[in-house]
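Heads up, the thing below is written out as C-alpha cells.
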Amino acid sequence: MSAQRDYVIMPIVMLSQDNSIQQTKLYRPFGTAGLLARPRLLDLLDAGRHGTLTLVVSPPGSGKSSLVSQWLDDRAIDAAWLQLDAGDSEPAKFIAYVVHALRTIAPDFGVETLLLLRSARLPPLDVVTTTLSNELHELGETSPCLLVLDDYHMVKNPAIDQVMAGLVTRPPQGFRLLIISRRTPAWPLGRLRIEKRLHEIGAADLRFTREETAAYLQLNAIALPDDGMVMNLQRQTEGWATGLQLAILALRQQANVAGLLGSRPMFVGGDNRYLLDYMVEEVLAHLPESTVQFMLASAVCDRFCAPLCQRLLGLGRDMVDDLLRYLLDANLFLIPLEEGSQGGADRRFAWYRYHHLMHQSLVSRLEESFEPQAIATLHRNAAAWLREQGYVDEALGHLLAIADWDTATDVLVSELGKLLDREDRQAIAHWLTLLPEAEIARRPGLLLLRGWDCFFSLDLPLLAATLRDLHALADDTQHDGEPALNLHLGRQHAVEIEGHIAFLQCAADYFAGRTEEAIRGARKALNLLTRPNTLVHGNVYVMLGSAMQMAGQSSEAEAMLRTQYQRQRPKPTQASARLLFGLTLVLTHVGDYTGAAEAASLMLREAHAADLPLLVGWSHAILGRVHYERNELDAALTHFNAVTDRRYVVNRGCAYEGFTGRMLVAAAQGDEAALSQAGDEWRQFEESLWGFPGPLYHSVQARAALLIGDTDAALRWARTFTAPRPTAPMIWLEASHITKVRCLLAAADDAERAVALDLTNACIAHVEQMHLKWLQPSLSGLRALLLARTGARAEAVALLATALHRSRGEGFVRSYADLGPAIVDLLRAIDDTALAEPIAQIVAAIPGGASGQAAVDRSQLLAGPAALLTEREYEVLELLATPLTPHEIADALSVSYSTIRHHTSHIYEKLGVNKRRQAVLVAAELGLLP
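Just add 618 to the spot in the sequence shown (first one is 1) and you have my numbering.
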C-alpha cells in the first residue's frame, strides 16, 4: 500500500458528546433570595473535609441541597455535582452520569469507563467499577476531587449500592464523596465510623433553631406580633425548612396571622405531608389562575426553560419570562439549575426545576385537574420541543409516558445514524429494553434497531430472524401503491432505512457464504443510502469489498476501496477509517500481509484520532495476526494483548481474535502458564456475558493443546466436533474444521486419518471457492503430511514446494511451523534454492527443527521403531505417554532416575523436541505410539 499521505490527521479527541446526558443534572442548585446563612452547619460540613464520606441525611424539605451548595460557595470548593432521579437506577446510566459529573472538574476523566459503557453488551459491573476506580485513582494522584450525589435515595438498585460501597470502603486516592439523601444508604459503614472516615449530618442538625427561625423571618421581611408566635411557628414546623418557607408564603398572603398559626397543627406525628398539602393549598389558593395553570403545566417536565414553556402552553416569550420571574421573586420553590449563562456545557437556555416536594404536589394536582388527553398534549408538546433541541432521551421519556409508539419510533430512527457514528452500541441495546416486545415486532424502525444490536454482537441467528420479520413487514399490504415502509416510517426515513436493511441483509449473506447475494445487497444499499461519511456507508464498502474478494474479484475490490478512500474528505472519519478496514480485510484474506500491515497501521492512527474504539481493536487484531504469521511473537502478543485488554469494548469477534492470538503465541513459546491464563480469561469473558464458552473457545483450546504436545486433549475435542462441512467464510484466525484435521493427524487410527484427508480436501475446495489464499499454506501443509502418511512422499513434497512458492515473500512461517516437527522432513526434501530462506525460517520456528533432528524419513519408520530408537528408549517413550512421573517410570523399569533422564534426553534429541508433551505428539505423528 502506498505510504503517501494526502490528508491531515485531526487532533486526538476524547469521547464524543453524549446527547443522552442531561447537562443540567450536573449543575448544583444556586441560592435563591431569602436563603439564610447558617454558620453552625457550615462548620459541621467543614469537619468532614478530611474524611472519605460525608452523609447529609434527613427528610425531604430539610434544606440539605441548599446547605451543601451554600457551603461549596462559601468555602470556594470545586466539586462535581450530580442530581439523581428515579431514572438513574440502571447501573450503566448511573455510572455514565458519575463520569460526566466528574468531567465538569476534570474534562478528560473517564475515557476507559465510558468506552466500556458503550459496549454492545454491558460488561460485568465489577469490571466497570474497577475501571472507574482506577481512573479515579489516577485523577486523585494529581487532583483530589469531591463528588456530591444529590437525592441518592432516588436510586433503588442494590447493584449501584455495591458499586458505591466499594468506592468508599476502598477509596481511590484523593477521592471524597458527599451524599445527600432522605435515608442512609445500605452500605457497610461500620468500619468507616470506627476509622473516623465517615461524617454524618442528620435531621436534628438541620432543624431550624428558635434563633434561626427568627432570623429567617426577619430576612424575609415577616414581622410577627410577638416572640410567642415565633416560638409557635418554630414548634409547629419543628424547624422544618420547607415548612417555614411555606409558612412565610402563606403569611404574606394572609392578614390573619394568628388564625394561620393557631387554627390547626401543621406537623402531625413526625409526618410533614399534612403540612405540605395544607401549605401548598394555602399558597396556590392566593395565586392568580394563570400562574397556577403555568405551574401545573410545567410540572410535566422534570426541568424546563422559557422556550420549552412557550411550546407547552402556547404563550409568548414575554409572558413566560414574567411568570418565571414572579415564581423566583416569590420564592415559590423554583430552583435555577444554572447561574446565568456563564461557563459549563449547553448553556443555550436558563433551566429550572421545582423543589421535589412542590413538584410532587403539582403533579398530583395536575392529574386531578386536567383531562388525560390534555396531559398527553402537554407531553407531546414537550417531546416535540426537546427533540428539536437534541434532548432525545427526555423527548422519549415524554412519549413513552403516554405510549406514543409511533412518534417514539420516529425519534429513534432519526437518531440511529448518530448513535452508529459514535459507536454507541449500549444505547441501542438500552432503548430496546424500554419498548414492549409487541411494539418492536410490528414496527420496522424498531426491528431495525434490533438488527443493528444483533450485528454488533454477532448474533447471526437472531439477525437472520429479525431480517425475516423486517422483510415481512416491508412486503406487507400496500395501500394506493404506497410502499409499505413509507406507511410505517414515512417517506422521510423509508429510503434510508431500506438502505440499512439492505446492508444488514448483505452482512447476513456474507457470513453465511452467499457471496453473490452479499454483493447485490451491498450495491443496493449504496444506491439507497443518502448520508456519506457515516458508519453505515463505510460498513457497506467493508462488506462489498469482502464479498468481491470471496467472489474472486480481489484486485477490483482493492482498487475500489483505495479509490473511495482517496476521495474521502475530510479524514479521518467513520467512513474513511472503515474503508481502510475493508482494505485490510481484503489484503489479509488474499495473503498480502505486507499491504495488510500498512493499511492496518494507518487505520490504527485514524481510529485513535477519530475516537473509534471498534476499529482500534480491529487494527490491533490484524497487526497481531500479521506478526504472528511472521513468527514475530513478542510484537504479535503486544497487539493481541491490546485487544483483550479492551475485550468488553471491541466487537465480539475481535475479542475472540485477541484471545486466539494470545493462546497461539503462548503455545508457540511453550509458555503453558500464559496459555492457561489466556484460556481462563477467555472463559471468564464468555461466562460473564453469555453464560458459557462458545465452540470457538473449545476449538482453540484443542489447537493449543496440540501445539504443546497434549495429544489426548486435542483428540478428545476432535472426536466430538461434528459440525457440517464449512459453508461460512473462514475469515477468523481460528478455523475449527482445520483444527480438527490437525488433531486427527496425531491419531494412530487409519480410519481417523482418512476422515482427516477427506475433511482437508473439503476445506481446500471451500477455501479455493472463497479465494481465501491466507489459508492455503496451512491446508497444503496438512494435505502434504497426510499424503506422506499414505506413502505418497514425492507428491507431498511437490505439493509443499508449490505452496511455499505461492506464499513466498509475505513472510508465511507459522502456517507451516504450527504443523509440528513432522513437517521438517518434507521441507528438507525440497530441492529448490529459491525456497531455501523461507524453509530455514520455518524450520527455525519449530522446536528442535534447527538441530536437524526434528523429523525422520518415512522409510526409517517402515523398517520399524528400532531403526529410530533403541528398545529401551521405545519402552521409555511408551511410558512417557502415560501420566506416570519420571520417578514412577524409573520404578516401573527398575532403573535409576538418572538413567531415565539419560534415555529421555536421547529421545528428545532424536525427535527434535525439548518437552515431554512434544515428544509424545511427534512420536504419535510418526506412528511410534499405538
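Even glycine gets a Cβ: it sits at the ideal position worked out from N, Cα and C.
Check                                                                                                                            : Outcome
Which of helix, strand or coil DSSP assigns to E818                                                                              : strand
Per DSSP, the bridge partner or partners of A701                                                                                 : In the sequence on display, residue 701 carries Gln and not Ala. Looking at the DSSP assignment, Q701 forms a beta bridge with D768.
First and last residue of the uninterrupted alpha helix (DSSP H) at F1073                                                        : 1062-1075
Among A821, R825, A783, nearest to W805 - alpha-carbon criterion                                                                 : A783
Residue environment, D1071, which counts as buried when at least 16 other CB atoms sit within 10 Å                               : buried
CA nearest to the CA of L1076, picked from M1388, R1043, A1296                                                                   : R1043
Beta strand (DSSP E) runs contained entirely in the stretch 735-803, provided each spans 3 or more residues                      : 763-768, 793-799
Under the three-state DSSP convention, the category V1540 falls into                                                             : helix
Span separating the alpha-carbon of N838 from that of L864                                                                       : 12 Å
Test item: CB-CB of G861 and T855 under 8 Å                                                                                      : yes
Rounded separation between Q1491 and D1328 - CA only                                                                             : According to the sequence shown, residue 1491 is Glu rather than Gln. Each residue's alpha carbon lies about 20 Å from the other.
Below-8 Å beta-carbon distance, L671 vs any chain C residue                                                                      : The structure shown has no chain C; it contains just one protein chain.
Rounded Cβ spacing between D920 and R971 (contact assumed at less than 8 Å)                                                      : 6 Å
For R971, the residue or residues it bridges with in DSSP                                                                        : I953
Per-residue DSSP class, three states only, for E1224                                                                             : helix
Residue ranges of each alpha helix (DSSP H) within the stretch 1488-1518, 4 or longer                                            : 1489-1498, 1504-1511
V1268, DSSP secondary structure in three states                                                                                  : coil
Rounded Cβ spacing between F727 and S687 (contact assumed at less than 8 Å)                                                      : Incorrect: roughly 22 Å between the Cβ atoms, too far for contact.
Reduced DSSP category for V1208 - H, G, I as helix; E, B as strand; rest coil                                                    : coil
V1442, enclosing alpha helix (DSSP H) - first and last residue                                                                   : 1440-1446
Identified DSSP bridge partners for L1080                                                                                        : In DSSP, L1080 forms no bridge with anything.
Contacts around T1191, its chain only, beta-carbon distance under 7 Å, and the 5 residues preceding and following it disregarded : N1151, A1228
Option nearest A1217 by Cα separation, candidates L1230, P1231, L1232, V1244                                                     : V1244
Residue interval of the beta strand (DSSP E) (run including T672)                                                                : 671-675
Buried versus exposed, by CB contacts within 10 Å (16 or more), E1275                                                            : buried
Assigned secondary structure, F1310 (DSSP; H/G/I helix, E/B strand, else coil)                                                   : coil
Straight-line Cα distance separating L867 from A948                                                                              : 8 Å
Length of the line joining the Cα atoms of A1000 and T1181                                                                       : 46 Å
Integer-rounded CB distance, given that A777 should sit under 8 Å from S676                                                      : Rounded, the Cβ-Cβ distance is 26 Å, inconsistent with contact.
The stretch 780-800 contacting the stretch 764-772, beta-carbon criterion three pairs below 8 Å                                  : yes
Rounded separation between L1064 and H1111 - CA only                                                                             : 13 Å
H997 burial status per 10 Å Cβ neighbour count (16 or more: buried)                                                              : buried
S761 classed as buried or exposed, judged by whether at least 16 other C-beta atoms fall within 10 angstroms                     : exposed
Euclidean distance between Cα positions of T748 and L740                                                                         : 14 Å
Residue environment, P725, which counts as buried when at least 16 other CB atoms sit within 10 Å                                : exposed
8 Å Cβ cutoff met for A1366 and G1131                                                                                            : no
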